[in-house]
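Note sheet for the following structure.
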Amino acid sequence: MTLSIKEIQAPIADEMKAFEQKFRQFMKSEVMLLDQIMNYIVRRKGKQLRPMFVFLSAGVCGDIAESTYRGGAMIELLHTATLVHDDVVDDSNYRRGFFSVNALWKNKIAVLVGDYLLSRGLLLSVDHEEFKILKIVSTAVRELSEGELLQIEKARRLDINEEVYYEIIRQKTASLIASCCAVGASSVGAAKEVVDRMHAFGEKVGMAFQIKDDLFDYGEDEIGKPLGIDIKEKKMTLPLIYALNQAPWLEKRRIINIIRNESHKPNKVSEVIAFVKESGGLRYAQEVMERYVKEALALLNEFADSPHRRSLEQLVQYTIERSK
Numbered sequence: 003m004t005l006s007i008k009e010i011q012a013p014i015a016d017e018m019k020a021f022e023q024k025f026r027q028f029m030k031s032e033v034m035l036l037d038q039i040m041n042y043i044v045r046r047k048g049k050q051l052r053p054m055f056v057f058l059s060a061g062v063c064g065d066i067a068e069s070t071y072r073g074g075a076m077i078e079l080l081h082t083a084t085l086v087h088d089d090v091v092d093d094s095n096y097r098r099g100f101f102s103v104n105a106l107w108k109n110k111i112a113v114l115v116g117d118y119l120l121s122r123g124l125l126l127s128v129d130h131e132e133f134k135i136l137k138i139v140s141t142a143v144r145e146l147s148e149g150e151l152l153q154i155e156k157a158r159r160l161d162i163n164e165e166v167y168y169e170i171i172r173q174k175t176a177s178l179i180a181s182c183c184a185v186g187a188s189s190v191g192a193a194k195e196v197v198d199r200m201h202a203f204g205e206k207v208g209m210a211f212q213i214k215d216d217l218f219d220y221g222e223d224e225i226g227k228p229l230g231i232d233i234k235e236k237k238m239t240l241p242l243i244y245a246l247n248q249a250p251w252l253e254k255r256r257i258i259n260i261i262r263n264e265s266h267k268p269n270k271v272s273e274v275i276a277f278v279k280e281s282g283g284l285r286y287a288q289e290v291m292e293r294y295v296k297e298a299l300a301l302l303n304e305f306a307d308s309p310h311r312r313s314l315e316q317l318v319q320y321t322i323e324r325s326k
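Counting from 1, position 45 in the sequence shown corresponds to residue 47 in the working numbering; the numbering is continuous, with no gaps.
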């Protein structure tokens, strides 16, 4: 049975509480409108998995320091900035069941808020000369943007193969979790090879995390996101790529035609979901996800046993056993 976030957090419970207060301070602004929006963003925070990866990784590699708090805050600031901008790009009115910033304050303000968050993250690192951490986080933001653009480019042509898919999710999702783990290690003064190992660990966890997310698209219930939303948005995910690779040429052409021209029709989306299930796409994606988890845990097991390491192992399990 999967442990709760609270149980997994046990070795860093005090640090996470302190982080929440420090993060609120980092978000503050003297401009009343901006401060109001920052309070709104802080109040609707999610499970805080990213700061957990930062603090647990730091605990695995050494003693959690003030630098760890700044590293966690930088990740959250830059990541939140990308989410605010994403909602503008996607014209999305909701984020985690709440109204998005652009829905409440319109696009112009949302874009400026995203810019403000990016600058706060950059200044936080520059003011404290956290240049190693800044490089790790900035690289992740660059990769995230490249991954999104690569996915958009490929969605237009619907020509994604497995290799391209892995590159997209490595950049789009895995780069951020990898940077959390690398930032945690770097914040406690770990050697470069240790930081690199934690980065590799986080990348494999991130790959598994995204494949799990892709599997939700074919779930029985509406969990976290509407069923079939990836198909409607013409996103080629691993279960679908595998199913298309197994299909005869005519069937493959028929399914691609549905995705290209009829993905707005619920009955046609259901047809694609049924096709993927019957072709073994879900089973294949599940196997790939489990392989990434196994590789991630093998890297983690190179570190000495500790409460932080055990919690990090549990957090990995949580990311692939979660229901949303």
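For each residue, glycine too, the CB sits at the ideal point set by N, CA and C.
Supposed close pair residue i, residue j - CB separation, criterion 8 Å
i: Ile-209; j: Tyr-118; result: In the sequence as displayed, the identity of residue 209 is Met instead of Ile. So it is not a contact: roughly 31 Å between Cβ atoms.
i: Ile-322; j: Lys-214; result: 5 Å
i: Val-113; j: Ile-39; result: With a Cβ gap of about 12 Å, Val-113 and Ile-39 do not count as contacting.
i: Leu-240; j: Val-290; result: 6 Å
i: His-87; j: Gly-48; result: Their Cβ separation, rounded to whole angstroms, is 17 Å, which puts His-87 and Gly-48 out of contact at 8 Å.
i: Phe-203; j: Ala-298; result: 5 Å
Spatial neighbours of residue i in its chain, beta-carbon cut-off 6 Å, leaving aside the 5 residues before and after
i: Gly-149; result: Ile-170, Gln-173 and Lys-174
i: Arg-122; result: Leu-79
i: Arg-285; result: none
Between the CA atoms of residue j and residue i - distance to the nearest angstrom
i: Glu-224; j: Ala-105; result: In this prediction, Glu-224 has a pLDDT of 41, which is less than 50 and means its spatial position is unreliable; what the coordinates show is noted afterwards. Their Cα atoms are separated by approximately 23 Å.
i: Tyr-42; j: Leu-301; result: 38 Å
i: Val-91; j: Ile-231; result: 16 Å
i: Asp-37; j: Leu-85; result: 18 Å
i: Lys-110; j: Leu-35; result: 13 Å
i: Leu-124; j: Leu-136; result: 7 Å
i: Met-29; j: Leu-217; result: 34 Å
i: Tyr-168; j: Val-33; result: 42 Å
i: Glu-68; j: Asn-269; result: 54 Å
i: Leu-246; j: Lys-156; result: 16 Å
i: His-1; j: Val-44; result: For residue 1 there is no data in the structure shown, the boundaries of the chain being 3 and 326.
i: Leu-80; j: Val-196; result: 24 Å
i: Phe-133; j: Glu-304; result: 27 Å
i: Met-18; j: Lys-194; result: 26 Å
i: Thr-141; j: Ala-180; result: 11 Å
i: Glu-280; j: Ser-308; result: 43 Å
i: Leu-51; j: Asp-16; result: 16 Å
i: Arg-324; j: Trp-107; result: 32 Å
i: Lys-206; j: Gln-288; result: 14 Å
i: Lys-8; j: Gly-221; result: 26 Å
i: Ser-127; j: Ser-6; result: 32 Å
Neighbourhood of residue i by C-beta, 8 Å cutoff - its chain only, sequence neighbours within 5 removed
i: Ile-10; result: Met-54, Ser-313, Gln-316, Leu-317 and Tyr-320
i: Val-56; result: Thr-70, Gly-73, Gly-74, Ile-77, Cys-182, Cys-183, Val-185, Gly-186 and Ser-189
i: Ile-233; result: Asp-219, Leu-242, Ile-261, Ser-265, Val-271, Val-274 and Ile-275
i: Ile-258; result: Leu-160 and Leu-246
i: Ala-249; result: Ile-257, Phe-277 and Ser-281
i: Lys-1; result: The structure shown does not extend to residue 1, since the chain spans only 3 to 326, so no value can be given for it.
Contacting residues, own chain, Cβ-Cβ under 7 Å from residue i (five flanking each side not counted)
i: Leu-146; result: Thr-84, Gln-173, Lys-174, Ser-177 and Leu-178
i: Gly-283; result: Pro-241, Leu-242, Tyr-244 and Ala-245
i: Lys-227; result: With a pLDDT of 45 at Lys-227, under the threshold of 50, the modelled position of this residue cannot be trusted, and the question is left open.
Chain C within 7 Å of residue i, Cβ atoms only
i: Ser-127; result: Structure shown: chain C not included; a single protein chain is present.
> Contact between the segment 16-29 and the segment 160-175: three or more CB pairs below 8 Å?
Replying inline: Fewer than three beta-carbon pairs drawn from the segment 16-29 and the segment 160-175 are found closer than 8 Å, and the two stretches are therefore not classed as touching.
> Can we say the segment 60-67 touches the segment 183-193, given the rule of at least three CB pairs closer than 8 Å?
Replying inline: Under the 8 Å Cβ criterion, the segment 60-67 counts as touching the segment 183-193, having at least three qualifying pairs.
>> Taking contact to mean 3 or more Cβ pairs, one atom from each stretch, closer than 8 Å, check whether the segment 316-323 and the segment 194-214 are in contact.
In response: Taking 8 Å as the limit for Cβ pairs, the verdict is that the segment 194-214 does touch the segment 316-323.
> Of all the beta strand (DSSP E) runs that stay within the bounds of the segment 49-114, which reach a length of 3 or more residues?
Replying inline: Within the segment 49-114, no complete beta strand (DSSP E) segment of 3 residues or longer occurs.
>> Please give the ranges of any alpha helix (DSSP H) in the segment 276-323, keeping only runs that are unbroken, at least 4 residues long and fully inside the region.
In response: Qualifying alpha helix (DSSP H) stretches, in chain order: 283-302 and 309-323.
>> Please give me, in chain order, every unbroken run of the beta strand (DSSP E) with length at least 3 that falls completely inside the segment 12-37.
In response: For the segment 12-37, not a single whole beta strand (DSSP E) run of length 3 or above is found.
>> So within the segment 167-222, which uninterrupted alpha helix (DSSP H) runs reach at least 4 residues, ignoring any that extend past its ends?
In response: For the segment 167-222, whole alpha helix (DSSP H) runs of length 4 or above, ordered along the chain, are 177-189 and 194-218.
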